[in-house]
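Numbered per the working numbering, the sequence shown spans residues 8 to 241.
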Amino acid sequence: MGWSLAAVLLGGLLQSATGTGFAQLAAPVLTAVHGPQHSVATLALLGPVVSGLTLSEVRRPAILGRTAVVLTIAGIPGMAIGVLVLRHAPVDVLKILVALAVLGGVVAIGRGLRLRGSPAGPGFVSGMLATSTGLSGPPMVLYLLGHRARPAEVRDTLAAVFLATGALTIVALAVGGVLHPTGHLALLFAATIAGQVLGRLVFRRLGERHRAATLGVLVLCALVALIPAGQAVL
8 MGWSLAAVLL GGLLQSATGT GFAQLAAPVL TAVHGPQHSV ATLALLGPVV
58 SGLTLSEVRR PAILGRTAVV LTIAGIPGMA IGVLVLRHAP VDVLKILVAL
108 AVLGGVVAIG RGLRLRGSPA GPGFVSGMLA TSTGLSGPPM VLYLLGHRAR
158 PAEVRDTLAA VFLATGALTI VALAVGGVLH PTGHLALLFA ATIAGQVLGR
208 LVFRRLGERH RAATLGVLVL CALVALIPAG QAVL
């Protein structure tokens, strides 16, 4: 249980500070301790806490409205597919593919690639990953960074989308019969909230280093996801 508490605490801190990192960091640990279905359901319940607190701390959140709406709506059909993947497909293989894709995306963005096109594609992929692996953040983060969104826009837009898709993910998991969170939810909620509060302080100190820090978090989370998934496949 200690590892689970530490994972959601650090995940909450990273997401509050950079806009991403909660599910990506906590999912491998929760999966190893509780199994994939319990992990996804638990993350679906905890995630909206981080997002709601992030939006509540600022008077006027810097949300990119149209982008947030498209990301959310496009994620709905992806969630339905993700539930089927969670029930029937080898999720560890999918996690490896996601982690490798994230690493490639970080390299591309780090070298100055500017992404074009609609946010619908990243939204669909994020929705599918939300209900199958809990790793829904990277496609949206890479999209926003590729469009040169400001730090507050990245954090607040992601928080708004995560809040909406979190509620939809809970519904999708319940309808699919796979909403089975782990026990000790009260302790996990407390650790998540503590991490989010600490992350506020980190966000204020990052300043112009926010973009580099966010890319670093994506790399860290991709590497963390590769370890248990790779062991399971091998």
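Ideal Cβ placement from N, Cα and C applies to all residues, glycine included.
Check                                                                                                                                                 : Outcome
Give the secondary structure of residue 185 by DSSP, where H, G and I count as helix, E and B as strand, and everything else as coil.                 : coil
Have a look at 31, 21, 175, 9 and flag the residue whose alpha-carbon is nearest the alpha-carbon of residue 232.                                     : 31
Please list the terminal residues of the continuous alpha helix (DSSP H) segment that includes residue 63.                                            : 43-63
Looking at C-alpha atoms only, which residue of 147, 137, 119 is the closest neighbour of residue 128?                                                : 147
Just to confirm, is the Cβ distance from residue 230 to residue 110 under 9 Å?                                                                        : yes
When the distance is taken between beta carbons, is residue 82 closer than 9 Å to residue 135?                                                        : yes
Closest to residue 184 by C-alpha separation, out of 34, 206, 199, 90, would be which residue?                                                        : 90
List the endpoints of the continuous alpha helix (DSSP H) containing residue 125.                                                                     : Careful: residue 125 lies outside any alpha helix (DSSP H) and carries neither H nor E.
Quick one: grab the DSSP three-state call for residue 84.                                                                                             : helix
Based on Cα-Cα distance, which residue from 198, 56, 168 lies nearest to residue 72?                                                                  : 168
Does the beta-carbon of residue 234 have 16 or more other beta-carbons within 10 angstroms, so that it is buried, or is it exposed?                   : exposed
What separation, rounded to the nearest whole angstrom, lies between the Cα atoms of residue 17 and residue 190?                                      : 19 Å
Buried or exposed, going by whether 16 or more other CB atoms sit within 10 Å of the CB of residue 95?                                                : exposed
Have a look at 201, 43, 47 and flag the residue whose alpha-carbon is nearest the alpha-carbon of residue 60.                                         : 201
Within 10 angstroms of the Cβ of residue 48, are there 16 or more other Cβ atoms? Answer buried if so, exposed if not.                                : buried
Can the beta-carbon of residue 208 be found less than 9 Å from the beta-carbon of residue 53?                                                         : no
If you drop the 5 nearest sequence neighbours on each side, which residues of the same chain put their C-beta closer than 8 Å to that of residue 222? : 113, 116, 117, 152
Do residue 177 and residue 165 have their beta-carbon atoms positioned less than 9 Å apart in this structure?                                         : no
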